[in-house]
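Trainee: Residue numbers (the working numbering): 65 to 469.
The beta-carbon is built from N, C-alpha and C at its ideal position, and this holds for glycine as well.
Being a predicted model, the structure only gives us computed values, none of them experimental.
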């Protein structure tokens, strides 16, 4: 931390007014920071939470999802509808379309932006679902019960398909891979989820790539046409960091800001948190980039502690997320890629089951479908690096905490 940062009334500028940015600003005040806190957001709306966009906001059961934060009472200077264009770490200045903003400490919390489908930019009826404006454009589409094609059977695609079916739309989901959630889960774990689509009345077409979008239909690479009054693209997201080009701040292979285990970037007095950053996990022995809500909630507490305190705080969470799709509550904790054993709890054809991943006998990750108690207990066991008994663990009637070795 520089002498400039330590001296006098310090100025913290947070770029990005989503969950990670808002929580960083709030955490600074909660942890006793008395300097200036400025929060800059590109969207004109009051800062809002994203998970309801694919559910309540989309279906019209909620008007919005603004955070319940009194920014004025907390002394947080909020600048909305302002694009950032660059940063000059050597000058401790952030460049925005409204002019430069000096900082003593800068926090990058710009999140991620959706990956677009090549060749459909500007085509009428093609939508993304990332912002409040996106959800409000899609709400009347669902209300008119249109034929909808969803491109991508990942988390957001499944959640949108769920909402569209609830609204009475005919839904076809096209996925280039051989199964849903191909980038997130092993084949044997994702396989049971394939049936969820048909159960809900949605059509899932795998090994299917979009060749082009025409008025009223989507043309696939095999030449077949799928009726489509609207197309919703959910094929992933990438860190929103292109504005950092030329800043000298190190970016990783996916364009994310490379942070250390204290969430500091390669530039002095600059931190990165949430979807736009990766961090090294001592727990898992690899660098993680976590595009989920809980990471944007937890990381800011570490950033605030490191700005406020003298003793550096290390960020090494057990990643966690949830998804509501096709009448099921799906939760995941941990990181399974280095696991050497998989243990199932319950019948994956049934309404409630879990999968546990072990490494050298220790629980490292868990997916729970309709078994929230498994998730709650499993998350604590992962945090404690607890050794499990696989045979006891495979009994779905036994609580996880009673399946230790």
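Residues in the same chain with beta-carbon distance under 7 Å from residue 208, minus the five sequence neighbours each way, listed in chain order, please.
Mentor: For this step, residue 208 is matched to residue 144 along the chain shown. Exclusion of the five residues before and after residue 208 leaves no residue of its chain whose Cβ lies closer than 7 Å to its Cβ.
Trainee: Who does residue 423 pair with in a DSSP beta bridge?
Mentor: As a working mapping, residue 423 is identified with position 359 in the chain shown. According to DSSP, residue 423 bridges with 426.
Trainee: Helix, strand or coil: how does DSSP classify residue 164 here?
Mentor: Working through the chain shown from its first residue, we reach residue 164 at position 100. Reduced to three states, the DSSP call for residue 164 is strand.
Trainee: Output the boundary residues of the beta strand (DSSP E) element that contains residue 141.
Mentor: Walking along the chain shown from the start, residue 141 turns up at place 77. Unbroken beta strand (DSSP E) run through residue 141: 140 to 143.
Trainee: Give me the DSSP bridge partner(s) of residue 268.
Mentor: As a first step, residue 268 is located in the chain shown; it is residue number 204 there, counting from the start. Looking at the DSSP assignment, residue 268 forms a beta bridge with 237.
Trainee: Here's the rule: buried if 16 or more other CB atoms are within 10 angstroms of the residue's CB, otherwise exposed. What is residue 362?
Mentor: In the chain shown, the residue the question calls residue 362 occupies position 298. Residue 362 should be labelled buried.
Trainee: Closer than 6 Å by C-beta to residue 431: which residues in its own chain qualify, once you throw out the five before and the five after it? Chain order, please.
Mentor: On the chain shown, residue 431 is found 367 positions in, with the first residue counted as 1. For residue 431, where only same-chain residues beyond five positions count, the Cβ hits under 6 Å are 396 and 419.
Trainee: Taking all protein chains shown into account, decide if residue 286 is buried (16 or more other Cβ within 10 angstroms of its Cβ) or exposed.
Mentor: Stepping through the chain shown from its first residue, residue 286 is reached at position 222. Burial call: exposed.
Trainee: Considering only C-alpha positions, which residue in the set 459, 464, 414 and 412 is nearest to residue 426?
Mentor: On the chain shown, position 362 is the one that residue 426 refers to. Per the Cα distances, 464.
Trainee: Using the Cα positions of residue 245 and residue 103, report the straight-line distance between them to the nearest angstrom.
Mentor: Numbered from 1 along the chain shown, position 181 holds the residue referred to as residue 245. Numbered from 1 along the chain shown, position 39 holds the residue referred to as residue 103. For residue 245 and residue 103, the gap between their C-alpha atoms comes out near 34 Å.
Trainee: Provide the residue span of the beta strand (DSSP E) that contains residue 212, from first to last.
Mentor: On the chain shown, residue 212 is found 148 positions in, with the first residue counted as 1. Per DSSP, the unbroken beta strand (DSSP E) holding residue 212 starts and ends at 211 to 215.
Trainee: Count the other C-beta atoms from every protein chain shown that fall within 10 angstroms of the C-beta of residue 223, then say buried if there are 16 or more, exposed otherwise.
Mentor: Your numbering for residue 223 matches position 159 in the chain shown. That one is buried.
Trainee: Residue range of the alpha helix (DSSP H) that residue 92 falls in?
Mentor: Locating residue 92 in the chain shown gives position 28, counting from the first residue. From DSSP, the alpha helix (DSSP H) with residue 92 extends over 83 to 94.
Trainee: When the Cα atoms are used, what is the spatial distance from residue 72 to residue 97?
Mentor: On the chain shown, position 8 is the one that residue 72 refers to. On the chain shown, position 33 is the one that residue 97 refers to. A caution first: residue 72 carries a pLDDT of 45, below 50, which makes its placement in the model unreliable, though a value can still be read off. Their backbone Cα atoms lie some 12 Å apart in a straight line.
Trainee: With contact counted as at least three CB pairs below 8 Å, one residue from each stretch, are the segment 299 to 314 and the segment 263 to 273 in contact?
Mentor: no
Trainee: On a Cα-Cα basis, can you pick out the residue from 137, 158 and 115 that is closest to residue 83?
Mentor: As a first step, residue 83 must be located in the chain shown, where it is residue number 19. For the options 137, 158 and 115, the alpha carbon positioned closest to that of residue 83 is the one of 115.
Trainee: Residue 162: which of 217, 183, 327 and 106 sits nearest, CA to CA?
Mentor: For this step, residue 162 is matched to residue 98 along the chain shown. Selected option, being the one with the closest Cα: 106.
Trainee: Please report the distance separating the alpha-carbon of residue 461 from that of residue 469.
Mentor: Along the chain shown, one-based indexing puts residue 461 at 397. Along the chain shown, one-based indexing puts residue 469 at 405. The straight-line gap from Cα to Cα measures roughly 17 Å.
Trainee: What does the alpha-carbon distance come out to for the pair residue 382 and residue 280?
Mentor: Locating residue 382 in the chain shown gives position 318, where the first residue counts as 1. Locating residue 280 in the chain shown gives position 216, where the first residue counts as 1. If you draw a straight line from the Cα of residue 382 to the Cα of residue 280, it is about 44 Å long.
Trainee: Pull up the distance between the alpha-carbon of residue 373 and that of residue 169, whole angstroms please.
Mentor: Numbered from its first residue, the chain shown carries residue 373 at position 309. Numbered from its first residue, the chain shown carries residue 169 at position 105. If I take the Cα positions, the gap works out to 13 Å.
Trainee: Residues bridged to residue 408 by DSSP?
Mentor: Taking the chain shown and counting its residues from 1, one reaches residue 408 at position 344. Answer is 419, bridged to residue 408.
Trainee: Can you grab the Cα-Cα spacing for the pair residue 57 / residue 120, in whole Å?
Mentor: There is no way to answer for residue 57, as the model of the chain reaches only from 65 to 469.
Trainee: What is the DSSP secondary structure of residue 363, reduced to helix, strand or coil?
Mentor: Within the chain shown, residue 363 is the residue found at index 299, counting from 1. Reduced to three states, the DSSP call for residue 363 is helix.
Trainee: Checking the sheet assignment: what are the DSSP bridge partners for residue 386?
Mentor: For the purposes of this step, residue 386 is taken as residue 322 along the chain shown, with counting starting at 1. DSSP output for residue 386 lists 395 as bridge partner(s).
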